[in-house]
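At position 329 of the sequence shown (counting the first as 1) the number is 329 in the UniProt record's numbering, and the numbers step up by one without a gap.
All remarks here apply to the structure that follows.
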Amino acid sequence: MPRILSVSGLRGVVGDGLDPDFLTRFGQAVGTLALREKGNPGLVVLTRDGRPTGPMVRHCVLGGLLAAGCRVLDGGVAMTPTCGVLVQHHGAAAGLQITASHNPLEWNGLKPFSPSGGVLNLTQGEALVRLLESGDFAAAGWEGVGSVEPLADPHGPHLRRVLDLIDRDAIRAQRFKVVLDCNRGSGAAATPGFLREELGCEVTVLGETPDGLFEHTPEPTEANLTGLCTAVREAGADVGFAQDPDADRLAIVDETGRYIGEELTLALCADHVLYTRKGPLVVNGSTSRVNADVAAKHGCAFHRSAVGEANVVGEMNRVGAALGGEGNGGVIEPNVGPVRDSLVSIAYVLDGLAKRGGSVGQWADSLPRYAIVKNKFIVPSPDRVNAACTALAEAYPDAEAKWGDGLRLDWADRWVQVRASNTEPIARVIAEAPTGAVSEALATEATAICERAAA
């Protein structure tokens, strides 16, 4: 299995493409760029999710960072958004999260952060890739080798920023019963305590040990969260939350054990935030139309960016967005940090429930509903996705075609998109329509067309 290197970072299977030598080189490359930054040159935040291979990857990356001459602030096992907040909090020149997000257990990876506390944009990512290819790294002499400083309270700055945005007393007064599925990911390092100690919730935790030994397939989809749905019903809980392994995405289960899913995570948060804090809402091109409806409901502008966290953040910065995010359950709150954040999502959902009354199921049902279907297929190489896009456009000449981030085809009542993944050797096909039958048929037909063309 080849490693996947892109402007978004690095992922691969440990022992089969993700090797110690390249990990060390990656660390040294990040360190080299960090030394060129102004402010605190060479100051780097390092965190990781709980995967069993994390300690090995950490040692390799540390070797590269120290060889470059960096001072490393080590946050240990922490959520991906926590890494971004720590970069801002300490004025660091860079951050590096060791994670493969929702990929299976045998995978690991590296997600670099810029001094802004967000993921690298295209220019920054391309500079890192070029440096890796050239090998022109900083190399400190014996007197200039870097240092490592463990952080005593890695989660505190992140938690405090989130708490500043909500009415903690109103939430505590409700004594919400919550089932939290951390799935042994890095969310378990801070989220259970956040809910219990800060928000006064009665919490049942599934997978509370952050060791990365996932109890179910890690992507928080409906098929993978049957255990959470059952646990919510059995506990008589008000809500169920599921974090992905690095806790930048959130899926929601309502009080009946119904999977509300990832697509409504952003819509619920936007409905709550835009009610009192007006401003533009930014989503990517693969995100449900319900978010446009929510923005219109509150008289706020709505914008779409290309897919990719950095693209969403870039558009948010351009328009001065109040909130942004993606349909994978990733909400971006600029007052916390320019990164997807499941803790923000949890806080806003509970704050909304405390202030509006009713149940999360009733709240979800009050929003326009669309059926969205997400398929994927393996591609032999990323360039074959172009052939798939061309074939799809030719198959649907009556649709409005939008090129640039793969291909998106729009009709008055439905849409479909195909694009290459930046983090896996696959292409994604996403279709949305008013009913499940229509979206399923559109997604199935589009996937078949694309697979034939890409083969």
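Where a beta carbon is used, it is the ideal one built from N, C-alpha and C, also for glycine.
Residue i versus residue j - alpha carbon distance
| i | j | result |
| --- | --- | --- |
| residue 20 | residue 54 | 12 Å |
| residue 84 | residue 119 | 8 Å |
| residue 45 | residue 402 | 38 Å |
| residue 147 | residue 43 | 10 Å |
| residue 205 | residue 279 | 35 Å |
| residue 364 | residue 254 | 9 Å |
| residue 458 | residue 259 | No statement about residue 458 is possible, as the shown extent of the chain runs from 1 to 455 and does not include it. |
| residue 103 | residue 110 | 13 Å |
| residue 22 | residue 221 | 32 Å |
| residue 34 | residue 41 | 6 Å |
| residue 145 | residue 39 | 20 Å |
| residue 90 | residue 247 | 21 Å |
| residue 16 | residue 108 | 11 Å |
| residue 296 | residue 130 | 43 Å |
| residue 360 | residue 66 | 48 Å |
| residue 26 | residue 132 | 7 Å |
| residue 29 | residue 138 | 8 Å |
| residue 290 | residue 427 | 24 Å |
| residue 392 | residue 446 | 7 Å |
| residue 153 | residue 47 | 12 Å |
| residue 423 | residue 9 | 8 Å |
| residue 270 | residue 433 | 21 Å |
| residue 314 | residue 339 | 11 Å |
| residue 31 | residue 117 | 16 Å |
| residue 233 | residue 225 | 13 Å |
| residue 383 | residue 421 | 12 Å |
| residue 322 | residue 273 | 8 Å |
| residue 186 | residue 155 | 11 Å |
| residue 354 | residue 345 | 14 Å |
| residue 407 | residue 388 | 9 Å |
| residue 266 | residue 429 | 20 Å |
| residue 24 | residue 7 | 18 Å |
Contact set for residue i: own chain, Cβ-Cβ below 6 Å, skip 5 residues either direction
| i | result |
| --- | --- |
| residue 209 | 184 |
| residue 201 | 176, 178, 195 |
| residue 115 | 37, 93 |
| residue 284 | 305, 307, 312, 326 |
| residue 97 | 47, 80, 83, 111 |
| residue 347 | 162, 166 |
| residue 211 | 50, 184 |
| residue 238 | 176, 177, 255 |
Chain-order list of residues whose beta-carbon lies under 7 Å from that of residue i (same chain, five-residue window excluded)
| i | result |
| --- | --- |
| residue 196 | 203 |
| residue 199 | 168, 171, 172, 350 |
| residue 436 | 371 |
Exposed unless 16 or more other CB atoms sit within 10 angstroms - verdict on residue i
| i | result |
| --- | --- |
| residue 268 | buried |
| residue 277 | exposed |
| residue 449 | buried |
| residue 320 | exposed |
| residue 341 | buried |
| residue 460 | The structure shown has nothing for residue 460, since the chain only spans 1 to 455. |
| residue 141 | exposed |
| residue 378 | exposed |
| residue 124 | buried |
| residue 215 | exposed |
| residue 362 | exposed |
| residue 213 | exposed |
| residue 81 | buried |
| residue 356 | exposed |
| residue 52 | exposed |
| residue 245 | buried |
| residue 318 | exposed |
| residue 59 | exposed |
| residue 309 | buried |
| residue 236 | exposed |
| residue 143 | exposed |
| residue 219 | buried |
Assumed close pair residue i, residue j - CB separation to whole angstroms, cut-off 8 Å
| i | j | result |
| --- | --- | --- |
| residue 328 | residue 262 | 5 Å |
| residue 400 | residue 410 | 4 Å |
| residue 50 | residue 151 | That belief does not hold up - the Cβ atoms of residue 50 and residue 151 are roughly 17 Å apart, past 8 Å. |
| residue 72 | residue 149 | 7 Å |
| residue 307 | residue 419 | 6 Å |
| residue 443 | residue 416 | 7 Å |
| residue 298 | residue 275 | 6 Å |
| residue 181 | residue 223 | That belief does not hold up - the Cβ atoms of residue 181 and residue 223 are roughly 14 Å apart, past 8 Å. |
| residue 431 | residue 373 | 5 Å |
| residue 100 | residue 11 | 5 Å |
Spatial neighbours of residue i in its chain, beta-carbon cut-off 8 Å, leaving aside the 5 residues before and after
| i | result |
| --- | --- |
| residue 229 | 240, 253, 257, 258, 259 |
| residue 335 | 161, 164, 165 |
Exercise for the section: Ignoring anything shorter than 4 residues or poking outside the region 265-348, list the alpha helix (DSSP H) runs there in chain order. Expected result: Within the region 265-348, the alpha helix (DSSP H) runs of at least 4 residues that lie entirely inside it are, in chain order, 290-297, 309-319.
Handout entry: Inside the region 355-395 only - alpha helix (DSSP H) runs reaching at least 4 residues
Key = 360-365, 384-395
Problem - Runs of beta strand (DSSP E) wholly within the UniProt domain "Alpha-D-phosphohexomutase C-terminal" (403-445) (minimum 3 residues, chain order) - result: 407-410, 415-420, 426-433
Problem - Secondary structure, alpha helix (DSSP H): runs of 4+ residues fully inside the region 115-196 - result: 122-134, 156-163, 168-174
Handout entry: beta strand (DSSP E) segments (min. 3 residues) lying fully within the region 22-48
Key = 43-48
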